[in-house]
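S.K.: Take this structure first; my questions come after.
Protein chains in written order, with my numbering: chain A, 16 to 441; chain B, 58 to 215.
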C-alpha cells in the first residue's frame, strides 16, 4: 500500500515537472526575436570574430565549405572540370585560359583558394581579378583607387587575408547591407540608380549582383566594367560590345575560326532580374538565404547555395505545392535547358571548324567570311551567356530557351555563310 | 427516518461530491475549449506569431482560427482533432523544431477547404467546384495568410 503511494506521488511529480517545462518554454521564455548589435570595428574582416556575436548566421556561413552535388544534378559545389560533361567547351574556348581550366565553383570561403589554385592565373594576371574574391578589396580600393586593377595580382596577394566574408555585404556599425564592389556602383550609376539610396529589398539582390554579373576589363587601365549601358539582356550587351567600348573589341581571337570572341562571366544577376521571379520583386536572398529557425530563433541562412537543398524554407514561403513537386519542376526546366545548351555549344564547335576550313580556302570570299565570323561571335555570346550562368536556366527559363534557340540558329547561319564564302560544303 | 438514513449513507455523499466535481470539471473543460479556440491564445505561441499577424490584417479577421482550422463535424470530431493537433503543436512548440514556413498537411488542407464551402456554398453552387476534389486555396492561397503583411525581418537591438 505504501509503495503504491510513493509510486503515485513520483508519477504526479514527474507530470508536474513536465508541465512546468512546457509552460516555461511555450509561454514564459519564448525564443528571442531580436539580434543584439555588436561593436565590431569597420576593418575587422575575420568572419570568426563576427561569428561570436552572430552565431546562427556564422554557423550557416560555415556550411559554405561543404562540397556536394546539387539535388538537381546541375551546378553543385564540387570542383570538377565542366568539360567532362560538356566537351565542346574545349573547342569553343580554344586559345584562351578557359579551355585549360574551367571547374564548377565552390562556396564563398574558397574564393581566394580557388584564385590561387586555378591554372587560368599566370604571372601576367592583373589585380582586377581579385575584385570579387575578398573583403580586403575595401582597403585596397580606399588607398589605391582603381590603380590596383593594373598592378600584377602577385603584388596584391600579401594584402589579402580573407575571402568573401561578412564585411563584403554588411556594415558592422548597423549590420545593414552594403555593396563593396566599385564596378557595380559605377554601372548602376550609369543606369541612373543610386545604390546608396536603395531599399532593403533591392539591397537583398544588389549585394549578390555586385559580383554575380558579367564584366570586362577596360583595355587601358584594366578597370572592371559591367556592360549594362544598353540593358541587361544578352542582345543588349551584345549591342554594347559591338560598339567597341573603350577600345575593347574582344577577349581573345579564336585560333580556328579567327573570330574575335567574347567570354561571358556568370551573368546571374542579369538573367534573374529579367525573369519572372526577379520581375515579381523576389530578391536573391529570398531563395538563396531564406529564413530558417534554430531552436525557435529566426535567422537568415548564410549558406548561399542551391535553394533545392532547402525547398521547404526557400519555395514554400510562397508556393504551396509539396517539396517533391517543386524540385521536379526545377529539374524539368534544367533538363530542357541543358539539352538545348548542349546542342548550341556543339553546333558552335562545328562552326569554328567550318569557318577555319573556309578561311584556309585560296579564293575565299572575304566579305562572306567576316560575316560568318560575326555570326559565330554572336552565337557563342548567346550560348556562353547561359552556359556561364549558374542556374542552368532556372533564374529565367523562357529567356534562357529563347537565347539558346537564337544561338543554335546563328551557329547554323555561321556554318552556311562560311560554306558560301568558300563555295563549298564542309 | 429512511431519508435521513440515505442522507447519512456514504454512497449518497459520494454521489453528490461526484456530481459537483463533474460540474466543475465540465465547466473547466468547456472554458478551456473556448479559450483555446481564441485567436489570441493561438497567437501566443512563438511559431504562430507570423500567421497570427497576417490573419489580423486579412479580410477574414472577424473569424477565429478554429472557424477555418477545425473540421466541420460534430463536437466529438472537433474535440478529437483538436486534441490530436494540440498535442502535436505542444510537442513541437516545446522542442522548438518548427520551420519558418509552416504549411498545411493534406488533412489540414481538406479541413480548411471544407470550411470555405461551409460559408461560401452558394458561391460555387452552379460551378464545377461542387463536383468533388475542389481545392479553394489552390487559387485563394493568400486570402488570409500570405505575403507582405507580416512583420518580417530580424530586428536589430542596439
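No residue lacks a Cβ here, since even glycine has one placed at the ideal position from N, Cα and C.
Here the structure is a predicted model, which means the values were calculated and not measured.
1. Helix or strand or just coil, what does DSSP make of residue 180(A)?
2. Among the candidates 30(A), 43(A), 179(A), whose CA atom is the shortest distance from the CA of residue 63(A)?
3. Indicate the three-state DSSP secondary structure (helix, strand or coil) for residue 185(A) in the structure shown.
4. Which residues, in chain order, does the stretch 135-156 of chain B contribute to contact with chain A at a C-beta distance below 7 Å?
5. Where does the unbroken beta strand (DSSP E) through residue 315(A) begin, and where does it stop?
6. Mind listing the chain B neighbours of residue 315(A)? Cutoff is C-beta to C-beta under 8 Å, in chain order.
7. Are the CB atoms of residue 433(A) and residue 370(A) within a distance shorter than 7 Å?
8. With residue 307(A) as the anchor, note down where its alpha helix (DSSP H) starts and where it stops.
9. Could you work out which residues of chain B lie near residue 46(A), taking near to mean beta carbons separated by less than 9 Å?
10. Mind checking which residues open and close the alpha helix (DSSP H) that includes residue 151(B)?
11. What residue range is occupied by the uninterrupted alpha helix (DSSP H) comprising residue 213(B)?
12. Tell me, which residues are paired with residue 158(A) by DSSP?
13. Counting only Cβ-Cβ distances shorter than 9 Å, please list the residues of the stretch 81-102 of chain B near chain A, keeping chain order.
14. Starting from the Cα of residue 307(A), find the closest Cα among 158(B), 130(B), 116(B) and give me that residue.
15. Mind listing the chain A neighbours of residue 160(B)? Cutoff is C-beta to C-beta under 9 Å, in chain order.
16. Are the C-beta atoms of residue 219(A) and some chain B residue less than 7 Å apart?
17. For a cutoff of 7 Å on Cβ pairs, would you count residue 215(B) as touching chain A?
18. Within 7 Å (strictly less), CB to CB, does residue 198(B) reach chain A?
19. With a threshold of 7 Å between beta-carbons, can residue 306(A) be considered close to chain B, or not?
20. In chain B, what lies closer than 8 Å to residue 52(A) by C-beta?
21. Of all Cβ atoms in chain B, is any one closer than 7 Å to the Cβ of residue 39(A)?
22. Quick check on the burial criterion: 16 or more other C-beta atoms within 10 angstroms. Buried or exposed for residue 345(A)?
23. Which residue or residues does DSSP assign as beta-bridge partners of residue 232(A)?
24. Quick check: is the beta carbon of residue 49(A) nearer than 7 Å to any beta carbon in chain B?
25. Can you check which of these residues, 224(A), 263(A), 172(A), 217(A), is closest to residue 195(A) by C-alpha distance?
26. So, do the stretch 294-305 of chain A and the stretch 134-153 of chain B have three or more beta carbon pairs nearer to each other than 8 Å?
27. Counting only beta-carbon separations shorter than 7 Å, does residue 311(A) have a partner in chain B?
28. Determine the direct distance from the alpha carbon of residue 394(A) to that of residue 424(A), and round the result to whole angstroms.
29. Give the C-beta separation of residue 255(A) and residue 277(A) to the nearest angstrom, bearing in mind that I take them to be a contact with Cβ-Cβ under 8 Å.
30. In the DSSP assignment, what residue or residues form a beta bridge with residue 267(A)?
31. Counting along the chain, where does the beta strand (DSSP E) carrying residue 51(A) start and finish?
32. Are the CB atoms of residue 192(A) and residue 184(A) within a distance shorter than 7 Å?
33. I'd like to check one pair, residue 316(A) with residue 90(A): are the Cβ atoms closer than 7 Å?
34. I want to see whether chain B comes within less than 7 Å of residue 190(A), judged by CB atoms only; does it?
35. Could you name the residues of chain B that residue 42(A) contacts, counting a contact when the two beta carbons are closer than 9 Å?
36. Beta-carbon separation of residue 373(A) and residue 437(A) under 7 Å?
M.R.: Well, looking at it:
1. For this step, residue 180(A) is matched to residue 165 along the first chain. Under the three-state reduction of DSSP, residue 180(A) is assigned to coil, being neither helix nor strand.
2. As a working note, residue 63(A) is residue 48 in the first chain. Here the closest residue by C-alpha is 179(A).
3. Within the first chain, numbered from 1, the residue matching residue 185(A) stands at position 170. DSSP places residue 185(A) in strand when its eight states are reduced to three.
4. Residues of the stretch 135-156 of chain B with a C-beta less than 7 Å from any C-beta of chain A: 147, 150, 151, 153, 155, 156, listed in chain order.
5. Counting from 1 along the first chain, the entry for residue 315(A) is found at position 300. That run of the beta strand (DSSP E) goes 312-315.
6. Within the first chain, the letter at position 300 stands for residue 315(A). In chain order: 211.
7. In the first chain, the residue the question calls residue 370(A) occupies position 355. In the first chain, the residue the question calls residue 433(A) occupies position 418. Yes, they are a contact pair.
8. Working through the first chain from its first residue, we reach residue 307(A) at position 292. The continuous stretches of alpha helix (DSSP H) do not include residue 307(A), which lies in the beta strand (DSSP E) extending over residues 306-309.
9. Numbered from 1 along the first chain, position 31 holds the residue referred to as residue 46(A). The answer, in chain order, is 103, 153.
10. Locating residue 151(B) in the second chain gives position 94, counting from the first residue. Per DSSP, the continuous alpha helix (DSSP H) segment holding residue 151(B) begins and ends at 132-152.
11. Within the second chain, the letter at position 156 stands for residue 213(B). No alpha helix (DSSP H) holds residue 213(B); the beta strand (DSSP E) holding it covers 212-214.
12. On the first chain, position 143 is the one that residue 158(A) refers to. When DSSP reads this structure, residue 158(A) sits in no beta bridge, so it has no partner.
13. Result list: 101, 102.
14. Start at 1 with the first residue of the first chain, and residue 307(A) comes out as number 292. It is 158(B).
15. If you number the second chain from 1, residue 160(B) lands on position 103. The answer, in chain order, is 327, 331, 335, 337.
16. Within the first chain, the letter at position 204 stands for residue 219(A). No, residue 219(A) does not count as interfacial toward chain B.
17. The sequence position of residue 215(B) within the second chain is 158, counting from 1. Chain A places a beta carbon closer than 7 Å to that of residue 215(B), counting this residue as a contact.
18. Here residue 198(B) is taken as the residue at index 141 of the second chain, counted from 1. Residue contact with chain A for residue 198(B): present (Cβ-Cβ distance below 7 Å to some residue of chain A).
19. For the purposes of this step, residue 306(A) is taken as the residue at position 291 of the first chain. By this cut-off, residue 306(A) is an interface position.
20. Taking the first chain and counting its residues from 1, the one referred to as residue 52(A) is at position 37. In chain order: 213, 214, 215.
21. Residue mapping note: residue 39(A) aligns to position 24 of the first chain, counting from 1. Put simply, the CB of residue 39(A) is far from chain B, with every gap to its CB atoms at 7 Å or more.
22. Locating residue 345(A) in the first chain gives position 330, where the first residue counts as 1. Buried, by the Cβ-count rule.
23. To locate residue 232(A), count along the first chain from 1; it is residue 217. Paired residue(s): 239(A).
24. As a position in the first chain, residue 49(A) is number 34, starting the count at 1. At least one chain B Cβ lies under 7 Å of residue 49(A).
25. Numbered from 1 along the first chain, position 180 holds the residue referred to as residue 195(A). Out of 224(A), 263(A), 172(A), 217(A), 224(A) has the C-alpha closest to the C-alpha of residue 195(A).
26. Output reads no: the stretch 134-153 of chain B does not touch the stretch 294-305 of chain A.
27. Along the first chain, read from residue 1 onward, the residue named residue 311(A) stands at position 296. It does: the Cβ of residue 311(A) has a partner Cβ on chain B nearer than 7 Å.
28. Taking the first residue of the first chain as 1, we reach residue 424(A) at position 409. Taking the first residue of the first chain as 1, we reach residue 394(A) at position 379. Separation of residue 424(A) and residue 394(A) (C-alpha to C-alpha, rounded to the nearest whole angstrom) is 8 Å.
29. Reading the first chain from its first residue, position 240 is the one you call residue 255(A). Reading the first chain from its first residue, position 262 is the one you call residue 277(A). With 8 Å as the limit, residue 255(A) and residue 277(A) do not qualify as a contact, their Cβ atoms being about 11 Å apart.
30. For this step, residue 267(A) is matched to residue 252 along the first chain. As a beta-bridge residue in DSSP terms, residue 267(A) pairs with 276(A).
31. As a working note, residue 51(A) is residue 36 in the first chain. Note, residue 51(A): beta strand (DSSP E), 49-51.
32. Residue mapping note: residue 184(A) aligns to position 169 of the first chain, counting from 1. Residue mapping note: residue 192(A) aligns to position 177 of the first chain, counting from 1. For the 7 Å CB-CB criterion, residue 184(A) and residue 192(A) form a contact.
33. Residue mapping note: residue 90(A) aligns to position 75 of the first chain, counting from 1. Residue mapping note: residue 316(A) aligns to position 301 of the first chain, counting from 1. In this structure, residue 316(A) does not lie closer than 7 Å to residue 90(A) by Cβ.
34. Translated into positions along the first chain, residue 190(A) becomes position 175. Yes - at least one Cβ of chain B is within 7 Å of the one on residue 190(A).
35. Taking the first chain and counting its residues from 1, one reaches residue 42(A) at position 27. Those within 9 Å of residue 42(A) in chain B are 101, 102.
36. Position 358 of the first chain holds residue 373(A). Position 422 of the first chain holds residue 437(A). At a Cβ-Cβ threshold of 7 Å, residue 373(A) and residue 437(A) count as neighbours.
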